[in-house]
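Undergrad: Once you've had a glance at the structure underneath, I'll fire off some questions.
Protein chains in written order, with the working numbering: chain A, 271 to 387; chain B, 271 to 387.
If you want it as structure tokens, here you go:
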């Protein structure tokens, strides 16, 4: 059976292991810059700090959403960028992070979202 | 080189194509039920309605986040469930959706998040 994939959304996930950890004030700023750089429109934002450490932040975008989960004890954070529509490019967001972080290791996963019939 | 994967998070993505579309009031209720069923703790929620159709909703959880993006014109929605920690099981959320929807097709993708060294 031939499969036709209708691309309705794009999800990019990135695992970042850093050499130099950024505190949330800095990482948060980088997130906002990355969204601005890639011309995403922020509609809303939710942030939560987990004791004793760790942050979750989710941005609701016109283009869909971005989520960051930090694990400061591991110098690690997980980034998810989901976009709908042809124009939005989640990899532009990712590029901005890669360019501006002191990275030991990172892993990018592109997942096309849609209907397979 | 041997690779050691430290599992810091679990992301499950699901693409749902339905036979019978659910309006947001119903789908939203199912989302809440799925979170309750799988013992997730909701800290906050953001919702946005896109004209002329389509919804985005992101739940900030103690366990991380859940996001839903709907495409009513395609009877399609995308579900993402991200959890941290050993106990939380994002696939329990997914099971609740599968059990309670009239599905034409669905596709599940499990993505382990963490450090590969």
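Ideal Cβ placement from N, Cα and C applies to all residues, glycine included.
1) Give the C-beta separation of residue 282 (chain B) and residue 328 (chain A) to the nearest angstrom, bearing in mind that I take them to be a contact with Cβ-Cβ under 8 Å.
2) Pick helix, strand or coil for residue 304 (chain B), following the three-state DSSP scheme.
3) Taking residue 358 (chain B) as the query, report the chain A residues whose CB atoms sit under 7 Å from its CB, ordered along the chain.
4) Which bits of chain A does residue 288 (chain B) rub up against, with CB to CB less than 7 Å?
5) Is there a C-beta anywhere in chain B that falls below 9 Å from the one on residue 379 (chain A)?
6) For residue 280 (chain A), count the other beta carbons within 10 Å of its own beta carbon; 16 or more makes it buried, fewer makes it exposed. Which is it?
7) Under 6 Å Cβ to Cβ from residue 353 (chain B), same chain only, skipping five residues before and after it: list those, please.
8) Can you tell me whether DSSP reads residue 311 (chain B) as helix, strand or coil?
9) Please state whether DSSP places residue 323 (chain B) in a helix, a strand or coil.
10) Looking at the structure shown, is residue 436 (chain B) part of a helix, part of a strand, or coil, going by DSSP?
11) Residue 330 (chain A) and residue 316 (chain B): beta carbons closer than 9 Å?
12) With 16 as the cutoff for other CB atoms within 10 Å, does residue 336 (chain A) come out buried or exposed?
TA: According to the data block:
1) Translated into positions along the second chain, residue 282 (chain B) becomes position 12. Translated into positions along the first chain, residue 328 (chain A) becomes position 58. Incorrect: roughly 16 Å between the Cβ atoms, too far for contact.
2) Sequence index remark: in the second chain, residue 304 (chain B) carries index 34 (1-based). Note: residue 304 (chain B) maps to helix in three-state DSSP.
3) Looking up residue 358 (chain B) in the second chain gives position 88. The premise fails here: residue 358 (chain B) is roughly 12 Å from chain A at the closest Cβ pair, so nothing lies under 7 Å.
4) Within the second chain, numbered from 1, the residue matching residue 288 (chain B) stands at position 18. Residues of chain A passing the Cβ test: none, with the nearest at roughly 11 Å.
5) Reading the first chain from its first residue, position 109 is the one you call residue 379 (chain A). Closer than 9 Å to the CB of residue 379 (chain A) there is at least one CB belonging to chain B.
6) As a first step, residue 280 (chain A) is located in the first chain; it is residue number 10 there, counting from the start. Result: buried.
7) The residue you call residue 353 (chain B) lines up with position 83 of the second chain. Listed in chain order, the non-local C-beta contacts of residue 353 (chain B) below 6 Å within the same chain comprise 280, 333, 334 and 360, local neighbours out to five positions each way being set aside.
8) For the purposes of this step, residue 311 (chain B) is taken as residue 41 along the second chain, with counting starting at 1. Correct three-state label for residue 311 (chain B): coil.
9) The residue you call residue 323 (chain B) lines up with position 53 of the second chain. Annotated three-state conformation of residue 323 (chain B) is coil, per DSSP.
10) As displayed, chain B neither begins before 271 nor continues past 387, which places residue 436 (chain B) out of reach and without an answer.
11) Your numbering for residue 330 (chain A) matches position 60 in the first chain. Your numbering for residue 316 (chain B) matches position 46 in the second chain. Yes.
12) Start at 1 with the first residue of the first chain, and residue 336 (chain A) comes out as number 66. Classification of residue 336 (chain A): buried, given that the 10 Å Cβ count is 16 or more.
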